[in-house]
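This report concerns only the one structure given below.
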Amino acid sequence: MPRTATSLVRKFAVGLSVAVGGYAIILGLLLTPSVQRFAIYAHRINTLFLGDDLNVSEAFGFAKHQVTPFNLQTPDGETLYAWHVLPLDIYTRHEKALREESRPYGPVDDFTKTSAFARLTGNDPSPARVVVTCTEKPNTHVLTIDYRGFGYSTGSPTEAGLITDGTTLVEWVMKVAGIPPDRIVIIGQSLGTAVSSAVALHFADPGSELIPSETRELWPSSGQRIPTAFLGIVLVAPFSSLPSLMLTYRIGGVLPILLPLRPFPYIAGILTSRMPDKWLSADRLSAYYGAFSGSLQVLSSTEGRSIGSLQIIHSVRDMDIPYHQTEMICRRIFREGSEPGVYEGTEAEGRLRCIDGSRGPGAQDVKEKGRPKVRFEIVEYGGEYLENFLSRLFALLTGHQGTIESLRILLLLRQ
1 MPRTATSLVR
11 KFAVGLSVAV
21 GGYAIILGLL
31 LTPSVQRFAI
41 YAHRINTLFL
51 GDDLNVSEAF
61 GFAKHQVTPF
71 NLQTPDGETL
81 YAWHVLPLDI
91 YTRHEKALRE
101 ESRPYGPVDD
111 FTKTSAFARL
121 TGNDPSPARV
131 VVTCTEKPNT
141 HVLTIDYRGF
151 GYSTGSPTEA
161 GLITDGTTLV
171 EWVMKVAGIP
181 PDRIVIIGQS
191 LGTAVSSAVA
201 LHFADPGSEL
211 IPSETRELWP
221 SSGQRIPTAF
231 LGIVLVAPFS
241 SLPSLMLTYR
251 IGGVLPILLP
261 LRPFPYIAGI
271 LTSRMPDKWL
281 SADRLSAYYG
291 AFSGSLQVLS
301 STEGRSIGSL
311 QIIHSVRDMD
321 IPYHQTEMIC
331 RRIFREGSEP
341 GVYEGTEAEG
351 RLRCIDGSRG
361 PGAQDVKEKG
371 RPKVRFEIVE
381 YGGEYLENFL
391 SRLFALLTGH
401 QGTIESLRIL
411 LLLRQ
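For what it's worth, UniProt numbering labels the leading residue of the sequence shown as 1, then goes sequentially.
Structure, rendered in C-alpha cells:
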C-alpha cells in the first residue's frame, strides 16, 4: 500500500477512535443524574447574563404595568418567579390607573393588593378567565412561571419539582384568585407539555401513582378530593416519554444523542432505564382520558358547557420533537402498542385509526359520551403559525366563535 494511502488510513483510524472514545465519555457522563438533568433542562443556559431583565416587561413589548411580576411559594419551600399579564382590552379600560400605580422594581410584595389582581378576581364588569398565552384575546388573563432553577426562581429542576411548581400555580389561581376550574385553560409547549400533562392528571385523579410521591405528599388531602376538570388542556409539540424522545432526539435537529446506539438496543435500554426523570406523558394522558369515564357531571361547566377537552398540536417540520411523538401519544391514549395501524377506540365507536402525520397536515377529533373531547392536529409549520392557531382552539374550547364575554385564565407552562 502506498505511503500516502497508509497515512490516510492511519489518520482515519485515529479520528474514528477519538470520536468513539469521546462519544463513550459523553454517554458515561450522561449516566450521572446531575449531568442528565443539566443536559435535559438546560436551565443554566439563558439570556439573563446578556442583560435581559424580566422585571422590565416593557423591553419585551408590553405596555407599562401590563405585566405584574410576583413570587409564588411552593409547599416544599421554593420561590417561583411569576408573571401576570393583563389582556389588552382590560388594560385599555384601566390604563390611567395602572400606569400611575406605584410599584417597586421587581416582584410586587403582595400581588393580591394590586389593581391587576382586582381585575383578575372579578372586580371588573366582566368576570375573568385565565389562560397561558394569547393576551390579545378579550378578557383573557395570562399567568406563567419560571420553574424552579429557571430564570429568577430558586432551586434545581427535577420531574417531581416541576410538577409541584405547576400544581402550585393552579392551586393559587383557584384558591387565592378564586377562579373556578371551568374558566382555566392550561397550555404547555415542549417541556411544558410534560408538566401540563402531569398537572392535569393530578387534578383529574389526585391519587394516581403516575404522579411522583414527592408531589402527592405535599397535598395529603388531595387523595380525598373529587376529580377536577379544567376548561381545556392544550399541548404544543408534546413527547410521549423522555426515554422514547432521547432515542431519536437530535440536538438542533442535526446531532443525534442516542441514535448511534440503535444497533445496540441493550446499551440504549440501560441508558434510558437509568434516567432519573422519565416524564411518561403518554401514560399520564391515557390515565387522564380514563379518569373521567362516565363522569358527565365533572365534564360539564356551571354554564352547561363541555369542559376537560384535550388538544394536541404538532408540526411536521419540528426538528427537535418529531411529530411521531404525537402519534405515539394517540396510540397510547386509545390503549394500543407502538406499532402503526388501526387502534382500539371505545366500545361505542369500535376501532379507531390514529392520526398519521406521514400523510401530511390533518386533524382528528374523538368524541365519546362521558369522556373528554380529544383533538389531534398535525400542521405544516411551527413558530408563529402555532401561536396564531391557538386562537382557533379557543373557539373549539369555549364553543363560541365571537367575542368572549367572561374572563378566562391561561396558565402557560413552557420551557
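We put the CB at the ideal spot given by N, CA and C, even for glycine.
Source: prediction; values computed, not measured.
Going by beta carbon distance, what residues of the same chain come within less than 6 Å of residue i, once the five residues before and after it are set aside?
i           : result
K367        : K373
residue 420 : Residue 420 is absent from the model: the chain starts at 1 and stops at 415.
R332        : A282 and S286
Taking the alpha-carbon of residue i as reference, which of the options has the nearest alpha-carbon?
i           : options                   : result
G370        : P260, I307 and I329       : I307
residue 417 : I163, D89 and L261        : Since the first residue shown for the chain is 1 and the last is 415, residue 417 is missing from the structure and cannot be characterised.
P104        : V9, F70 and V176          : F70
I184        : G149, G232, P220 and L218 : G232
T121        : G207, D146, R375 and N139 : N139
L218        : I45, K64, R37 and G77     : G77
R317        : Q325, Q311 and L310       : Q325
A229        : R375, A291 and L143       : A291
S315        : L88, D109, I378 and D356  : I378
G207        : P220, S196 and S197       : P220
S190        : I40, L169 and E58         : I40
S57         : I321, Q364 and H84        : H84
T144        : L86, F376, G155 and I90   : L86
residue 431 : I45, I312 and R335        : Past the edges of the chain, shown from 1 to 415, lies residue 431, and the structure says nothing about it.
I179        : S358, R119 and A42        : R119
D205        : A363, G106 and R225       : R225
I187        : Y249, P227, P238 and G149 : P238
P227        : A177, S300 and L247       : S300
D89         : G155, G106 and A63        : A63
residue 476 : Q364, M174 and S244       : In the structure as shown, the chain begins at 1 and stops at 415. Residue 476 is therefore absent and cannot be evaluated.
L210        : G106, K113, D277 and G155 : D277
Whose C-beta lies closer than 8 Å to the C-beta of residue i among residues of the same chain, with five residues either side of it excluded?
i    : result
S115 : H94, A97, L98 and E101
P212 : E159, A160 and I163
Taking its Cβ as the centre, do 16 or more other Cβ atoms sit within 10 Å of residue i, making it buried, or is it exposed?
i           : result
P157        : buried
P181        : buried
S293        : exposed
T68         : buried
L242        : buried
P265        : exposed
V9          : exposed
E380        : exposed
P263        : exposed
T215        : buried
F60         : exposed
L271        : buried
D146        : buried
R375        : buried
I355        : buried
L296        : exposed
G357        : buried
S7          : exposed
V18         : exposed
S273        : exposed
I321        : buried
G362        : exposed
residue 421 : In this structure the chain extends from 1 to 415, so residue 421 is not present and cannot be described.
G360        : exposed
M319        : exposed
Between residue i and residue j, which are expected to be in contact by the criterion C-beta below 8 Å, what is the C-beta distance as a whole number of angstroms?
i    : j    : result
I329 : L280 : I329 to L280, Cβ: 11 Å. No contact.
V142 : L410 : 5 Å
L72  : W172 : 6 Å
M275 : Q36  : 6 Å
Y81  : S153 : 5 Å
Y288 : A200 : 5 Å
L258 : M246 : 5 Å
G176 : F203 : Here residue 176 turns out to be Val, not Gly, going by the sequence shown. The pair is not a contact, with the Cβ atoms about 16 Å apart (cut-off 8 Å).
I'd like to know if residue i contacts chain C, where contact means its C-beta is closer than 9 Å to some C-beta of that chain.
i   : result
H43 : Chain labels in this structure do not include chain C; a single protein chain is all it has.
If you drop the 5 nearest sequence neighbours on each side, which residues of the same chain put their C-beta closer than 7 Å to that of residue i?
i    : result
T74  : L80, T164, D165 and T168
H43  : G149, F150 and P157
S240 : S281, A282, Q325, M328, I329 and R332
(message) Going residue by residue through the segment 264-293, where are the continuous alpha helix (DSSP H) segments of at least 4 residues, counting only ones entirely within it?
(response) Counting only runs of 4 or more, we get 265-273 and 281-291.
(request) Report the residue ranges of all beta strand (DSSP E) runs contained in full by the segment 59-94; include only those spanning at least 3 residues, in chain order. (result) Within the segment 59-94, the runs of beta strand (DSSP E) at least 3 residues long that lie entirely inside it are, in chain order, 67-73 and 79-85.
(request) Mind listing, in chain order, the continuous beta strand (DSSP E) runs of no fewer than 3 residues lying wholly within the UniProt domain "AB hydrolase-1" (141-207)? (result) The UniProt domain "AB hydrolase-1" (141-207) contains, as complete beta strand (DSSP E) runs of 3+ residues, the segments 184-189 (chain order).
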